[in-house]
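Enquirer:
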Amino acid sequence: SDGKQILKMLNRYAFTKVEVQRAVALARRDMMGHHDNDEDEEPFAFEYEAIVESKPFGMVMTVGTAAVKSVSGPSETVGILPGDTVLELVTDDETVSAGDLKEFLVAFRDAVPPFTLRLRREES
82 SDGKQILKML NRYAFTKVEV QRAVALARRD MMGHHDNDED EEPFAFEYEA IVESKPFGMV
142 MTVGTAAVKS VSGPSETVGI LPGDTVLELV TDDETVSAGD LKEFLVAFRD AVPPFTLRLR
202 REES
């Protein structure tokens with residue numbers, strides 16, 4: 082699809098897709114009247130997508146949770162960071178929530194790249 086082609090192009094430039102999605106989320110927040118100097122503001126959080134183009138992907142999750150423990154190789158290249166939370170896996174055929182961790186891990190193991198991971202990042 083056009084969206085996947087655009088994402089592949091973004092991965093070739095200095096800004097990762099995650100950085101672009103973060104900038105868009107910050108702009109939306111600012112448009113709604115929230116600013117960095119608000120003392121009582123809640124931590125900033127945003128959701129983003131990362132394309133898994135090959136396996137092994139180099140992302141280790143904390144046992145029993147959907148939290149990313151460490152990254153290397155392809156997962157680091159696409160902008161995933163330790164502490165991010167995996168929300169779901171999206172293929173052409175299905176969407177699997179990381180809320181059911183066992184089902185998610187099986188789907189990740191069986192998924193054939195390219196497929197998409199949706200994640201959440203919280204910043205203080």
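Residue numbers (the working numbering): 82 to 205. Don't be surprised by glycine CBs; every beta carbon is placed ideally from N, CA and C. Please read these numbers as outputs of a predicted model, since none were measured by experiment.
1. Express the C-alpha separation of M112 and F196 in angstroms, rounding to a whole number.
2. Does D165 pass the burial test, meaning 16 or more other C-beta atoms within 10 Å, or should it be called exposed?
3. Taking just the CA atoms, how far does K183 sit from A108?
4. Quick check: the Cα distance between F125 and P137, rounded to an integer number of angstroms?
5. Classify G154: buried if its beta carbon has 16 or more other beta carbons within 10 angstroms, exposed otherwise.
6. Buried or exposed for V187, going by 16 or more other Cβ atoms inside 10 Å?
7. Which same chain residues, not among the five before or five after R199, have their C-beta less than 7 Å away from its C-beta?
8. Taking its Cβ as the centre, do 16 or more other Cβ atoms sit within 10 Å of S135, making it buried, or is it exposed?
9. Using beta-carbon positions only, say whether V207 and F185 come within less than 8 Å of one another.
10. Look at K98 and G180 and say whether their C-beta atoms are less than 8 Å apart.
Expert: Looking at the atomic coordinates:
1. In the sequence shown, the residue the question calls residue 196 occupies position 115. In the sequence shown, the residue the question calls residue 112 occupies position 31. If I take the Cα positions, the gap works out to 32 Å.
2. By one-based count along the sequence shown, residue 165 stands at place 84. It counts as buried.
3. Mapped onto the sequence shown, residue 108 falls at position 27. Mapped onto the sequence shown, residue 183 falls at position 102. C-alpha separation (whole angstroms): 36 Å.
4. What you label residue 125 is simply residue 44 of the sequence shown in a count that begins at 1. What you label residue 137 is simply residue 56 of the sequence shown in a count that begins at 1. Looking at the two C-alpha atoms, the distance is approximately 30 Å.
5. Looking up residue 154 in the sequence shown gives position 73. With fewer than 16 other Cβ atoms within 10 Å, it is exposed.
6. Translated into the one-based positions of the sequence shown, residue 187 becomes position 106. V187 comes out exposed.
7. Position 118 of the sequence shown, counted from the start, is the residue given in the question as residue 199. So the list reads E128, E130, L168, E169 and V171, once near-sequence residues are dropped.
8. Your numbering for residue 135 matches position 54 in the sequence shown. S135 should be labelled exposed.
9. The chain is shown from 82 up to 205; residue 207 falls before or after that span and cannot be answered.
10. Sequence index remark: in the sequence shown, residue 98 carries index 17 (1-based). Sequence index remark: in the sequence shown, residue 180 carries index 99 (1-based). Against a cut-off of 8 Å, the Cβ pair of G180 and K98 comes out as no contact.
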